[in-house]
Amino acid sequence: MAICNPLERGLKTSVGRHAVIAAVSVAMSLCLTVEPVAAQGIDLIRDTEIERTLKSYEDPIATAAGLDPAAIHIYIVNDSSINAFVAEGQNIFINTGLFLQLKTPNQVIGVMAHETGHIAGGHLLRDTSAMSKASVPMLIGMAVGVAAMIAGAGQAGMGAIALGEQAAMSQFFAFSRVQEATADQMGQRFLRATHQSGEGMVEVFQKMANMQALEGHVEFATTHPVDRDRIDLMQREVDASPYRDVKDSPEAVHEFRMIQAKLFGFLTPADSVLIRYPLSDKSEEARYARGIAYFQKPELKLALDEINSLIKDEPKNPYFYEVLGQIYVSMAQPEKGVLAYQKAVNAMPDAPLLRTLLATAQLATERQALAKPALDNLKVSLQQDPDDSFGWYETATAYSALDNQPMADLSTAEMYYYAGAMPKAAMFAKRAAHGLPEGSADWERANDIMSVAGTQARR
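All the letters of the sequence shown, read from the start, carry residue numbers 0 to 458 under numbering that gives the first Met the number 0.
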């Protein structure tokens with residue numbers, strides 16, 4: 000469930016926040032400029048746990064490739080098929096299917112090494128059907144947290160987010176066989192440089208070749224053409240590596256399985272989750288998946304039991320407190336949600352998404368005393384993640400609660416600006432400029448948005 004254009008009047012009023020806060024706090028999606036997203040057939044999700052794990056996979060590879068890890072942006076595509084691709088601007092898109100269908104961290108890392116090879120080799124899409132740099136922030140603005148998957152089960156009556164359309168994605172990765180082979184070789188070199196096995200990459204491509212032979216069409220195999228010679232060449236590269244037999248650490252395997260459980264819980268019907276993770280399974284990943292599945296049903300007491308059992312075992316794990324906060328918010332108990340989210344932020348203060356969720360819960364209480372702390376959290380979050388449109392939406396809400404309409408308008412302009420909706424960005428920036436002190440930094444920012452948005456809108 001998304002909140003569609005609630006900022007039309009500059010967020011002067013709070014639109015039924017208790018009724019929709021479960022979705023607001025976890026969905027973080029806005030119905031802005033939907034058409035390009037639908038045309039591309041891509042749903043993006045946001046989740047700190049998954050994003051940080053993928054970043055830990057990618058950073059050593061990027062460094063080995065001579066790239067700046069900070070310049071590489073990783074986006075998670077809500078699609079259960081095995082696929083990944085790159086787009087202009089050093090952007091790597093990873094399907095949730097890599098976690099759901101693959102078996103080891105090394106396999107996912109192998110795919111990321113291959114995609115990094117495309118970036119290092121300059122194999123980025125530049126034709127008119129490819130994603131432009133300008134559209135990436137728009138997609139981010141439309142992104143939804145993995146936690147939003149559970150919003151469909153609560154009393155708020157939210158529908159589960161549909162999986163992304165697969166057919167439209169093929170336009171993003173029309174790479175030649177030569178480029179594919181080059182990316183393979185470069186990826187294997189990066190894995191050797193980071194003392195990792197290249198076997199996982201071979202296993203993924205072999206899996207795709209087998210699926211292609213059986214099913215006739217596999218997206219990854221179609222967009223990354225696989226043949227026997229290519230796999231044999233890749234295998235020779237692996238066999239020559241002194242790190243061929245290096246295995247994933249137990250910690251990495253556990254981290255991987257927890258993400259699998261999380262995604263399975265959010266993206267799969269609850270009954271299927273309970274089949275895969277039966278009550279007899281007392282492992283952390285099983286309790287994680289079941290807790291989320293119960294949340295979806297919703298059987299909130301059972302969800303609380305499972306998540307609280309995890310917190311008892313790992314009292315400093317921010318992701319367990321994050322889910323706990325979501326449960327309380329969905330139960331229309333945002334005050335308890337604030338306490339849980341605060342513990343998540345205390346455990347991981349540099350995670351902007353967690354701060355945004357905390358701020359959203361603070362605003363959901365509708366307590367005037369929490370509006371300023373919420374705004375402070377949002378300012379910290381947006382310093383780290385300035386293109387988060389939902390963060391700007393909540394910032395506008397906070398300013399409105401503090402009766403600062405010019406700043407609410409400027410925040411609304413920022414939201415539309417980062418979402419790629421330039422006419423609306425210019426409109427709200429103009430409103431803001433009329434109410435802000437002339438010559439102030441905020442007045443200057445409003446005028447900058449008007450200038451840039453006006454130019455881009457004309458183009």
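Ideal placement from N, C-alpha and C gives every residue a C-beta, glycine not left out.
Relative to Gly390, the option among Ala292, Leu353, Leu232 and Lys102 whose CA is nearest is Leu353.
The Cβ atoms of Tyr320 and Ala343 lie closer than 8 Å to each other. As DSSP reads the structure, Val85 sits in a beta bridge with Ile91. Counting the other CB atoms within 10 Å of its CB gives Pro104 a total of 16 or more, which places it among the buried residues.
When the five nearest sequence neighbours on each side are left out, the beta carbons in the same chain lying within less than 6 Å of the beta carbon of Ile310 are those of Phe319, in order along the chain. Taking the Cα of Thr355 as reference, the smallest distance to any Cα among Leu53, Lys54, Asp375 and Ser410 is reached at Asp375. Put simply, of Ala63, Gly109, Gly65 and Ile41 the residue whose alpha carbon is nearest the alpha carbon of Leu53 is Gly109.
According to the DSSP assignment, Tyr74 belongs to the beta strand (DSSP E) that extends over His72 to Val76. Under the DSSP assignment, Arg45 falls in the beta strand (DSSP E) whose first and last residues are Leu43 to Arg45.
In the structure shown, Arg286 adopts helical secondary structure according to DSSP, grouped into three states.
Pairing Gln187 with Gly199 gives a Cβ-Cβ distance that is not under 8 Å. Per DSSP, Ala64 is not a residue of any alpha helix (DSSP H), being assigned neither H nor E. Here DSSP, grouped into helix, strand and coil, assigns Leu409 to helix.
Counting along the chain, Arg366 sits inside no alpha helix (DSSP H), nor does DSSP assign it H or E at all.
Across the structure, Pro277 and Gln106 are spaced so that their CA atoms are roughly 26 Å apart. Note on Thr454: under 16 other CB atoms within 10 angstroms of its CB, so exposed under the neighbour-count rule.
The beta carbon of Ala192 is closer than 7 Å to those of Ala63 in its chain, skipping five residues each way along the sequence. Under the three-state reduction of DSSP output, His433 falls in the helix class.
Ser279 counts as exposed, since fewer than 16 other beta carbons sit within 10 angstroms of its beta carbon.
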